[in-house]
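Residue numbers (the UniProt record's numbering): 1 to 261.
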């Protein structure tokens, strides 16, 4: 950027009130721009909520929120951002003073000639890093990641399934014992004793159902095969329970074939 053009450009970025670079430039309805603070803040009349433009002397009514609600001069803000990359400074490489460019990587300023050299150096460093990254890649090597969380999950799953299997085995033995017990009761035709046993059996079945619901909470939604097998076990238990009720209340003896189902 030539010196004359750069100086003219710099003048456009200076507030005419504080004679400093714009800070939060606000646009008046007359299209003149000034800094929000302290320039416009000091000019605003808080009693009448009005402000007089120091350039054209036009009196404007401010928004209800005051000077803060005036629109920002977006064009000027963009110029201020662009100008931050081109400031009079010494080149880091050759120490030549001028409108040097700031490197976003290292934050140092460079003239146009040194800038090209600096960019070439950055490009070379990037290529070296890319090559090192590619060399460090290990292909077709299975990696085993030991994570304590995985081991804990495995132990938890094994514990839950172990509890479930043990409880199912216990329930199986209990149901078989109940069938034998009810068979003897039916043979003796002791209806009173049968009713008492029925109450005990109801408590056992309720306990089994509660335990089953608590175990299912630990299972994942995708354990479809296990849930399906467990569903068949529950149905089998319900069928056995219904047969027991039939023996108790209808005095119908099970055939040898039915006992094996």
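By construction, the Cβ of each residue, glycine as well, lies at the ideal position given by its N, Cα and C atoms.
These numbers come from a predicted model, not from an experiment.
In the DSSP assignment, residue 17 falls outside any beta strand (DSSP E), carrying neither H nor E. Distance from the CA atom of residue 100 to the CA atom of residue 113, rounded to whole angstroms, is 10 Å. Residue 109 carries a strand assignment under DSSP once its states are collapsed to helix, strand and coil. Proximity to residue 16 across 29, 39, 28, 181 peaks at 39, based on C-alpha coordinates.
Collapsing the DSSP output to three states places residue 59 in a strand. Per DSSP, the beta-bridge partners of residue 90 are 97. For the pair residue 28 and residue 53, the CB atoms are nearer than the 7 Å cut-off. Restricting attention to 122, 58, 110, the CA atom closest to the CA of residue 96 is found in 110. Burial is judged here by how many other beta carbons sit within 10 angstroms of a residue's own beta carbon; residue 30 has fewer than 16 and is exposed.
Looking at 48, 72, 77, 93, the one whose alpha-carbon comes closest to that of residue 61 is 48. In the DSSP annotation of this structure, residue 30 is not part of any beta strand (DSSP E), being labelled neither H nor E. Boundaries for residue 21: no beta strand (DSSP E) harbours it, and the DSSP string shows neither H nor E there.
Exposure of residue 59 is indicated by the presence of fewer than 16 other C-beta atoms within 10 angstroms of its C-beta. The beta carbons of residue 25 and residue 90 sit about 29 Å from each other, so the pair does not count as a contact at 8 Å. Residue environment analysis places residue 34 among the buried positions, since at least 16 neighbouring C-beta atoms fall within 10 angstroms of its C-beta.
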